[in-house]
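Take 1 as the starting number for the sequence shown in our numbering and just add one per residue.
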Amino acid sequence: MARPRAFDHDQVLESARQVFWRHGLHATSVEDLSRATGLGQSSLYNAFGSKDKLFAACLDTYLANAQRRDSELLEDTSAGVVERVEALLNTIATEEAERTASGDPRGCLAVNTLAELADDPEAAVTVARITKDTATRLALLADVLRLGQASGEVTTEVSADGLAAYLNAAIAGVRISSQGGASRETIAEIITTALRAIRPA
């Protein structure tokens, strides 16, 4: 019978993710991860195989959690389509504000990772993982926006795919502005402008 792990797998991933999020993949050492997780280097290698594999596990968990959140908000049939989009934007803004207040890493881990690894040929699998996740999110947004177009809640002057790309850019703008120290009032104005853009004229 295999011996049970003597650590909380999810907590180790969370602790490691915070380190990767703060410093990036390349600048994070195994010693950093060992200190953050409380596991010796040999235990980390035995559990995850390598630093890169541990990072992949952290990133996969992050992406899965974000997708789950997006789906719950955007597929909430008790709310109108624009209300669902507003809930998503406000949720992301609140997350960024809370991270800023607590001193936690800021921005989107996926976006930060792309910025670090986009030109790294050895990171092609990681970049492809993030690209696939982005495509899934855009498809979810576009599907919901098409429902809004059919019901008259969302403008038809721009395609649902185009509006989804615009909202994705607005989300990035919320994150970057928050990282730059923008006030909650400024973030609220960004969200208001984005919502105005998707409503019928």
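Heads up, the beta-carbon is just placed ideally off N, CA and C, and yes, glycines get one too. What you are looking at is a predicted structure, and each value in this text was computed from that prediction instead of being measured.
Query, Result
"Is it buried or exposed, Q149, if we count other Cβ atoms within 10 angstroms and call 16 or more buried?", "buried"
"So, at 6 Å on beta carbons, what are the nonlocal neighbours of G24 in its own chain, with the 5 sequence-adjacent residues on each side left out?", "E116"
"Check P200 in the structure and name its three-state DSSP category.", "coil"
"Would you mind working out which of A165, A142 and A27 sits nearest D52, comparing C-alpha positions?", "A27"
"Give me the Cα-Cα distance between A194 and S50, rounded to the nearest whole angstrom.", "42 Å"
"Does DSSP put D119 in a helix, in a strand, or in coil?", "coil"
"I need the straight-line Cα distance from R69 to D60, nearest angstrom please.", "14 Å"
"Should A110 be labelled buried (16 or more other beta-carbon atoms within 10 Å of its own) or exposed?", "buried"
"From S71 to T37, what does the alpha carbon distance come to, in whole angstroms?", "30 Å"
"If we count the other Cβ atoms within 10 Å of its Cβ and call it buried at 16 or more, is N112 buried or exposed?", "buried"
"Do the CB positions of I92 and I171 come within less than 7 Å of each other?", "yes"
"Give the straight-line distance between the Cα atoms of D10 and F55, rounded to the nearest whole angstrom.", "13 Å"
"Using a Cβ distance threshold of 8 Å, determine whether the segment 173–187 contacts the segment 130–142, with at least three qualifying pairs required.", "no"
"Measure from the alpha carbon of A144 to the alpha carbon of each residue in G103, R17, A160 and A197, then state which is nearest.", "Correcting the residue identity first, residue 144 is Val in this sequence and not Ala. Here the closest residue by C-alpha is A160."
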